[in-house]
Amino acid sequence: MSVLAECRRETVGVLAVNVVWAVATRPSLRRRARAAGIPLTPDVLARRQTRQLRVLRPSVGWSDRMRTELKASDRASVTAEKGREELWFHWRPGRRRHTVWGSITFDESSGTVVLDLREGAAYTGVSGLRRGASFVALCQIAGKLGLVEGESRG
Numbered sequence: 040m041s042v043l044a045e046c047r048r049e050t051v052g053v054l055a056v057n058v059v060w061a062v063a064t065r066p067s068l069r070r071r072a073r074a075a076g077i078p079l080t081p082d083v084l085a086r087r088q089t090r091q092l093r094v095l096r097p098s099v100g101w102s103d104r105m106r107t108e109l110k111a112s113d114r115a116s117v118t119a120e121k122g123r124e125e126l127w128f129h130w131r132p133g134r135r136r137h138t139v140w141g142s143i144t145f146d147e148s149s150g151t152v153v154l155d156l157r158e159g160a161a162y163t164g165v166s167g168l169r170r171g172a173s174f175v176a177l178c179q180i181a182g183k184l185g186l187v188e189g190e191s192r193g
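Using this note's numbering, the first residue of the sequence shown is number 40, and each one after it goes up by one.
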C-alpha cells in the first residue's frame with residue numbers, strides 16, 4: 040500500500056472517530072448545560088470558556104461560602120488567591136487525573152463572578168477526543184456553587 044493511500048485511510052478513520060464522538064457527546068453536554076442553567080452555545084467545544092455568571096441566591100458572605108465550597112471540593116485544587124477578589128485553581132472534570140485550570144473573580148457589589156476555564160495540554164488528543172472538558176468543568180462548578188448564566192464575556 041502506498042504512503043498516500045495509508046495517509047488517506049488514517050485520515051478517514053480519524054474523521055469517523057470525531058463524528059461518532061460529536062454525535063455521542065452532544066446529548067451529554069446538553070444535559071449538563073440544562074442541569075447547570077448554562078446555555079449550550081456554538082463554542083461549547085472551545086478550549087477556553089469565559090463566562091460571567093450571577094449568584095442564584097445572593098446573601099451576606101456569599102463569596103466566602105463559595106471560596107470555602109471550592110476549596111473543599113474533591114475535584115478542586117486551589118493554587119493561589121489574589122486578595123478577596125480572585126481565586127486560581129485546577130479542576131478535575133472527569134474521573135482521571137487530567138485537569139482544566141481556571142480562575143474565578145468575585146464582584147460582591149453586583150453579585151456576579153467571572154469564571155475563566157482553560158483546557159490543559161492533556162486534553163488535545165490527536166483526534167480531538169476529550170474536547171469540551173472546560174465546558175464540562177464550567178457546568179460542574181456552576182452547579183456546585185449555585186451560579187447561573189449572566190452576560191457572556193469573550
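From the three backbone atoms N, C-alpha and C, an ideal C-beta is built for every residue, glycine too.
Asked                                                                                                                                                                : Found
According to DSSP, simplified to helix, strand and coil, what is Asp155?                                                                                             : strand
Just curious, the beta strand (DSSP E) that Gly182 is in, first and last residue?                                                                                    : Not the beta strand (DSSP E): Gly182 falls in the alpha helix (DSSP H), residues 172-184.
Spatial neighbours of Asp155 within its chain, please: CB distance less than 7 Å, with the 5 preceding and 5 following residues excluded, ordered by chain position. : Thr89, Gly141, Ser142
Less than 8 Å separating the beta-carbons of Ala85 and Trp130?                                                                                                       : no
Give me the residue from Ala72, Ser102, Gly76 with the minimum Cα distance to Leu122.                                                                                : It is Gly, not Leu, that sits at residue 122 in the sequence shown. Measuring from the Cα of Gly122, the nearest candidate turns out to be Ser102.
Considering only their Cβ atoms, is the gap separating Val187 from Arg93 smaller than 8 Å?                                                                           : yes
Please tell me whether Ala115 and Ala181 are closer than 8 Å, where the distance is taken between their beta carbons.                                                : no
Put Glu108 into one of helix, strand or coil per three-state DSSP.                                                                                                   : helix
Could you give the DSSP three-state label for Ala115: helix, strand or coil?                                                                                         : strand
Determine the direct distance from the alpha carbon of Lys183 to that of Arg65, and round the result to whole angstroms.                                             : 22 Å
By the DSSP assignment, the beta strand (DSSP E) with Thr138 in it spans what residues?                                                                              : Careful: Thr138 lies outside any beta strand (DSSP E) and carries neither H nor E.
Please name the residue, chosen from Arg96, Pro132, Thr151, that lies closest to Ser173 on a Cα-to-Cα basis.                                                         : Pro132
Let me check one thing: in DSSP terms, what residues is Thr89 bridge-paired to?                                                                                      : Asp155
For Thr138 versus Trp127, is the C-beta distance shorter than 8 Å?                                                                                                   : no
Between Gly171 and Leu68, which are expected to be in contact by the criterion C-beta below 8 Å, what is the C-beta distance as a whole number of angstroms?         : 6 Å
Within its chain, find whatever has a CB closer than 6 Å to the CB of Leu197; leave out the 5 residues flanking it on each side and keep chain order.                : The requested residue 197 is not part of the displayed model; the chain covers only 40 to 193.
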